[in-house]
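K.L.:
First to last, the protein sequences are chains A and B. Mapped onto numbering that gives the first Met the number 0, the consecutive letters of the first sequence carry residue numbers 0 to 555. Mapped onto numbering that gives the first Met the number 0, the consecutive letters of the second sequence carry residue numbers 0 to 244. We put the CB at the ideal spot given by N, CA and C, even for glycine. Since this is a predicted model, take the numbers as computed values, not measurements.
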Amino acid sequence: MTKKQKPDAVDVVIVGLGANGGTAAKVLSEAGLKVVGIERGPWLKNDKHYSGDELKFVNRNYMWPDSRLTPRTVRRNENDVAEPYPFSMTPQLVGGGTNHWAGWVPRPRESDFMLRSLHGDIDGASLADWPFRYDHLEPYLTKIEWEFGVSGIAGADRTEPFRSKPYPSMPLPPTRWGKKFYDACNTMGINAFPIPHASVTNNHKGRNPFNRTSFWNQYGDPSGARSNTATTFIPEALATGNFELRADCFVREVKMGRNGKATGVIYIDDDGAEVEQDAKIVILTLGAIESARLMLMSKSPEFPDGIANSSGLVGKNATFHEYLFAIGFFDKEIDDPVYGWAGNYISGGTMDFYETDESRGYIGGSITAASQTCHPINMVFPGRPLWGQALKDSDRTFFSYAMKIGLILHDLPQEANRVDLDPNVKDYMGLPVARITHKAHANDVAMGKWQVDKNVEILETAGARKTIPVYLDQMTGNTCHQHGTARMGFDPSKSVLNEWCQAHDVENLFVLDGSGFPTATGVNPTLTMMANAWRCSDYISDYYLKGREMRLPEPK
Amino acid sequence: MSSKADWKTILEPVDPNSNEPLFFSPHEWDTVEALAARIIPTDHDPGAKEARVIVFIDRYLSGINYVFASADGSGFLEMDGKHAHSWRARISELQQVYRQGVIDVDSESQAIFGAPFLDLDVDSQDAVMVKISGSPKPASVNLGTTEPSTTFFQFSSDDGLPFWPALCLHVKQGFYADPVYGGNKDRMAWNIIGFDGPKSLKDTMDGTYTTADKFVSDYDWGDLIPVLKEQEDFPIPVMSDIIYK
């Protein structure tokens, strides 16, 4: 392989420019640091590359990784041979998952940061508290809501902890199926509210949110409605003059120096040449699967099992959530259409079932929300007839008469659930792919059952005349949420990262995605991740790079 | 190698009225068209045959020129590099799957009815398809029931699929995809199910196409969310805060 001359060393190199890499790029370049961002995927432009093409975006994976080029493998048990399976294939391009996401951005709850303190040790699970609390994160949640653009109604969620500011944008009007959800919840005494949404309906920060096409979840948004780091934080970082973006470049190793620090990264550029980029600080933001993979691939004499892995915990305690739901059908002959396919994926939701109620037979809980049933090819309809008159009849009868209520399963961490390097399967460059070993915990199954049954109850109250509950069997990675593979903590033997997501073993290596989450939370993780990435980026510029140190006291 | 961001637009939208195969032999064309006509049959509404699903499938299997429409639907993206390589391999496998699939359908027809598939009446064709699919003919979906399911993979890729599920998926795709790909002629499939889809992909890029009328227009947040009236920290927002109603 040809090697190119080394580019100039910089202050910070960021690997992976999605939600979190975009956040770090903005915060650190605005702080005056010289930053290079390296992204393995392309830099697609929302106004040039995105439109409402269901076949292209949902079926043929235009934006998603090609599973032949970059496969993943999955197994349920330790001794099984893992099979290729496109598990949690979050889009890999500039902006990452913020290109395709529905954009649910609820705030986490105080209990999410102290699950072990609240529940002790649960059989088979590896619960751990976070090394900080909700109050540490609150100012940064507010920063993300205002800088990135989030719509919502402050005060509408009666269970939300303290917030310092309302939202910068109003939500869209309710959809017809959203209205059904509100009405049913009000009948049942449930507090429904618009799920906070990573999109704007006003000209916040000069945006033009004209997209009302309903081509939303899994599609790129050609307008300025969706909050995507590729159209917000990354252009803001570039505007500082301190940030350089290198797309279509694949980082294959974080390089260790002789002084116990990382020296930078080695990547393959879009000409196929090898390039070494030196930096004072290396930030990994590839997502918890690919960050763990890169750490495990970065072997050195000091770290034969992967960089910063003296604890042996890199890749372990992986959590992925799972999207479970129930579908409800209405009667075309009698009821009004609910147009389940229309909307920007979410409308009303609730957090009323989030906190532990042990009478339900499990700990924890999940966010619940009504959501779109999607477009004609891929209508979310388990049991949709495969062919024949039954297929045609059911499509004609139910396409505009279906709604869905889903939840984000708060799965418990287990040490054996992990990401490691597959011994057999390689990607197109010959590098070992990420192998997922995952088996659901009994608590996950029980939670899924109770919450899906609750969704059925809401659908029936809403007047649905047929329901299809979808229960948890095993994780399919359908949320693209990834956490836990380099958990944060105070004890270097029980965690990989400290409270600033700084590796215990390598002081200039930071992992600022969901890898650090000790537990998964029961809300969509991106708001929490981005707020944490901002918080840790502030630590990097205000403390670490100034030679200062600040340690948080261990919360009681 | 150019980036995915720089792929050029080539060709034009597929003509749904074309009867000239780019991939299938005449016999394969006719057989797959007949199979598609039983997967989404014609009744008082048009079916897969009238929607020109056969053109959609033929163009898809012809190589890698018809995989991704350009964003505005004026043509197709010319892939290159590793993506082109990967798609060539995927399409090449599907070509073999279809070639063998048509042979298998005909030999099943011969075995049961002593004639090729195209010579059978529709009930006999259905019987062959039941045999090929390995499952009974799908029954209609009725109201008034609860039918549990478990989590499944939600991305409907055709990668590595055998003939029968690939064919069913492709027929559904051809029927309902944007007409640029050659099926869903005159958006007839969307009209049948009541989907007010865009007139062109370009209309989804600039605000021309909107589904705002499918939202609720007359509502009050305070009625939908009674708790808002009890809290005092933040004002109840009003509609005028939204520019895109």
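Based on Cα-Cα distance, which residue from 127(A), 283(A), 447(A) lies nearest to residue 253(A)?
P.N.:
Looking up residue 253(A) in the first sequence gives position 254. Per the Cα distances, 283(A).
K.L.:
Is the Cβ-Cβ distance between residue 134(A) and residue 139(B) less than 7 Å?
P.N.:
As a first step, residue 134(A) must be located in the first sequence, where it is residue number 135. As a first step, residue 139(B) must be located in the second sequence, where it is residue number 140. Their beta carbons are not under 7 Å apart, which means residue 134(A) does not touch residue 139(B) by this criterion.
K.L.:
For a cutoff of 7 Å on Cβ pairs, would you count residue 45(B) as touching chain A?
P.N.:
Locating residue 45(B) in the second sequence gives position 46, where the first residue counts as 1. False, the Cβ-Cβ gap to chain A never drops below 7 Å.
K.L.:
What do you reckon, are the CB atoms on residue 149(A) and residue 80(A) nearer than 7 Å?
P.N.:
Residue mapping note: residue 149(A) aligns to position 150 of the first sequence, counting from 1. Residue mapping note: residue 80(A) aligns to position 81 of the first sequence, counting from 1. It is not a contact, given that the beta carbons lie outside the stated cut-off.
K.L.:
Going by the DSSP bridge assignment, what does residue 245(A) pair with across the sheet?
P.N.:
Start at 1 with the first residue of the first sequence, and residue 245(A) comes out as number 246. According to DSSP, residue 245(A) bridges with 37(A).
K.L.:
Where does residue 242(A) land, buried or exposed, given buried means 16+ other C-beta within 10 angstroms?
P.N.:
For the purposes of this step, residue 242(A) is identified with residue 243 of the first sequence, where counting begins at 1. Residue 242(A) is buried by the Cβ-count criterion.
K.L.:
Taking CB distances under 7 Å as the criterion, tell me whether residue 224(B) reaches chain A.
P.N.:
Residue mapping note: residue 224(B) aligns to position 225 of the second sequence, counting from 1. Judged by the 7 Å Cβ criterion, residue 224(B) is in contact with chain A.
K.L.:
Return the CA-CA distance between residue 52(B) and residue 170(B), expressed in angstroms with no decimal places.
P.N.:
Here the question's residue 52(B) lines up with position 53 in the second sequence. Here the question's residue 170(B) lines up with position 171 in the second sequence. Cα to Cα, residue 52(B) sits roughly 6 Å from residue 170(B).
K.L.:
Return helix, strand or coil for residue 244(B), following the three-state DSSP convention.
P.N.:
One-based indexing of the second sequence puts residue 244(B) at position 245. Residue placement at residue 244(B) is flagged as unreliable, the pLDDT there being 48, under the threshold of 50; the coordinate-derived value follows with that caveat. Coil at residue 244(B), not helix or strand.
K.L.:
Could you name each continuous alpha helix (DSSP H) segment of 4 residues or more that falls completely within the stretch 75-132 of chain B, going from the start of the chain to the end?
P.N.:
80-112, 121-132
K.L.:
Rounded to whole angstroms, what is the Cα-Cα separation between residue 478(A) and residue 444(A)?
P.N.:
In the first sequence, residue 478(A) corresponds to position 479, counting from 1. In the first sequence, residue 444(A) corresponds to position 445, counting from 1. Taking the straight line joining both Cα atoms gives about 16 Å.
K.L.:
Only counting the same chain, and skipping five residues up and downstream in sequence, which positions put a Cβ closer than 6 Å to that of residue 177(A)?
P.N.:
Taking the first sequence and counting its residues from 1, one reaches residue 177(A) at position 178. Result list for residue 177(A): 346, 347, 369, in chain order.
K.L.:
To the nearest angstrom, report how far apart residue 244(B) and residue 168(A) are at their CA atoms.
P.N.:
Translated into the one-based positions of the second sequence, residue 244(B) becomes position 245. Translated into the one-based positions of the first sequence, residue 168(A) becomes position 169. Annotation note: pLDDT 48 at residue 244(B) (below 50); position unreliable, coordinate value reported separately. Cα to Cα, the separation comes out at about 13 Å.
K.L.:
Please check the pair residue 149(B) and residue 466(A), which I expect to be a contact at CB under 8 Å, by giving their CB distance rounded to whole angstroms.
P.N.:
If you number the second sequence from 1, residue 149(B) lands on position 150. If you number the first sequence from 1, residue 466(A) lands on position 467. About 15 Å separates the two Cβ atoms, so there is no contact after all.
K.L.:
Is residue 529(A) near residue 22(A), with beta carbons less than 7 Å apart?
P.N.:
Here residue 529(A) is taken as the residue at index 530 of the first sequence, counted from 1. Here residue 22(A) is taken as the residue at index 23 of the first sequence, counted from 1. It is a contact, given that the beta carbons lie within the stated cut-off.
K.L.:
Taking residue 395(A) as the query, report the chain B residues whose CB atoms sit under 9 Å from its CB, ordered along the chain.
P.N.:
Mapped onto the first sequence, residue 395(A) falls at position 396. Chain B residues near residue 395(A): 44, 191, 192, 193.
K.L.:
Hey, does residue 421(A) have any beta-carbon neighbour from chain B nearer than 7 Å?
P.N.:
One-based indexing of the first sequence puts residue 421(A) at position 422. With 7 Å as the cut-off, residue 421(A) does not count as an interface residue toward chain B.
K.L.:
Is the shortest distance between the beta-carbon of residue 81(B) and the beta-carbons of chain A less than 7 Å?
P.N.:
Residue mapping note: residue 81(B) aligns to position 82 of the second sequence, counting from 1. Closer than 7 Å to some Cβ of chain A, the Cβ of residue 81(B) qualifies, so yes.
K.L.:
Can you name the residues of chain B whose CB is closer than 7 Å to the CB of residue 556(A)?
P.N.:
Since the first residue shown for chain A is 0 and the last is 555, residue 556(A) is missing from the structure and cannot be characterised.
K.L.:
In the DSSP assignment, the alpha helix (DSSP H) including residue 346(A) goes from what residue to what residue?
P.N.:
Taking the first residue of the first sequence as 1, we reach residue 346(A) at position 347. Per DSSP, residue 346(A) belongs to no alpha helix (DSSP H); it is in the beta strand (DSSP E), 345-349.
K.L.:
Tell me, which residues are paired with residue 323(A) by DSSP?
P.N.:
For this step, residue 323(A) is matched to residue 324 along the first sequence. Residue pairing by DSSP places residue 323(A) opposite 406(A) in a beta bridge.
K.L.:
Report the partner residues of residue 254(A) according to the DSSP bridge assignment.
P.N.:
Here the question's residue 254(A) lines up with position 255 in the first sequence. Residue 254(A) is bridged to 263(A).
K.L.:
Measure the CB-CB distance between residue 5(A) and residue 275(A) and report whether it falls below 7 Å.
P.N.:
Start at 1 with the first residue of the first sequence, and residue 5(A) comes out as number 6. Start at 1 with the first residue of the first sequence, and residue 275(A) comes out as number 276. Yes, they are a contact pair.
K.L.:
Residues in its own chain within less than 8 Å of residue 309(A) by CB, not counting five upstream and five downstream?
P.N.:
In the first sequence, the residue the question calls residue 309(A) occupies position 310. Correct list, in chain order: 302, 491, 503, 504.
K.L.:
Contact criterion: CB-CB distance below 7 Å. Does residue 49(B) meet it with respect to chain A?
P.N.:
Indexing the second sequence from 1 puts residue 49(B) at position 50. Not an interface residue.
K.L.:
What's the gap between the Cα of residue 47(A) and the Cα of residue 70(B)?
P.N.:
Mapped onto the first sequence, residue 47(A) falls at position 48. Mapped onto the second sequence, residue 70(B) falls at position 71. Whole-angstrom Cα-Cα distance: 7 Å.
K.L.:
CA-CA distance, residue 425(A) and residue 90(B)?
P.N.:
The residue given as residue 425(A) occupies position 426 in the first sequence. The residue given as residue 90(B) occupies position 91 in the second sequence. The straight-line gap from Cα to Cα measures roughly 21 Å.
K.L.:
If you drop the 5 nearest sequence neighbours on each side, which residues of the same chain put their C-beta closer than 7 Å to that of residue 488(A)?
P.N.:
Position 489 of the first sequence holds residue 488(A). Result list for residue 488(A): 127, 130, 494, 517, in chain order.
K.L.:
Under 8 Å, CB to CB, which of the residues in the stretch 46-62 of chain A have a partner in chain B?
P.N.:
Of all residues in the stretch 46-62 of chain A, 46, 47, 48, 49, 50, 51, 52, 53, 54, 55, 57, 58, 59, 60, 61 have a Cβ within less than 8 Å of some Cβ in chain B.
K.L.:
State yes or no: is the C-beta of residue 198(A) within less than 7 Å of the C-beta of residue 342(A)?
P.N.:
As a working mapping, residue 198(A) is identified with position 199 in the first sequence. As a working mapping, residue 342(A) is identified with position 343 in the first sequence. It is not a contact, given that the beta carbons lie outside the stated cut-off.
K.L.:
Strictly below 8 Å CB to CB, what residues from chain B border residue 467(A)?
P.N.:
Position 468 of the first sequence, counting from 1, holds the residue named residue 467(A). Those are 145, 146, 147, 148, listed as they occur along chain B.
K.L.:
Where does residue 452(A) fall in DSSP's three states?
P.N.:
Along the first sequence, one-based indexing puts residue 452(A) at 453. DSSP places residue 452(A) in helix when its eight states are reduced to three.
K.L.:
Taking Cβ to Cβ, would you say residue 58(B) is nearer than 7 Å to residue 181(B)?
P.N.:
As a working note, residue 58(B) is residue 59 in the second sequence. As a working note, residue 181(B) is residue 182 in the second sequence. Yes, these two residues count as a Cβ contact at 7 Å.
K.L.:
Assign residue 333(A) to buried or exposed, taking buried as 16 or more other Cβ atoms, counted over all protein chains shown, within 10 Å of its Cβ.
P.N.:
The residue given as residue 333(A) occupies position 334 in the first sequence. By the neighbour-count definition (other C-beta atoms within 10 Å, threshold 16), residue 333(A) is an exposed residue.
K.L.:
So the alpha helix (DSSP H) residue 185(A) belongs to, where does it begin and stop?
P.N.:
Here residue 185(A) refers to the residue found at position 186 of the first sequence. Where residue 185(A) is concerned, the enclosing alpha helix (DSSP H) stretches over 175-187.
K.L.:
Just mark residue 476(A) as buried or exposed, buried being the case when its beta carbon has 16 or more other beta carbons within 10 Å.
P.N.:
Along the first sequence, one-based indexing puts residue 476(A) at 477. That one is buried.
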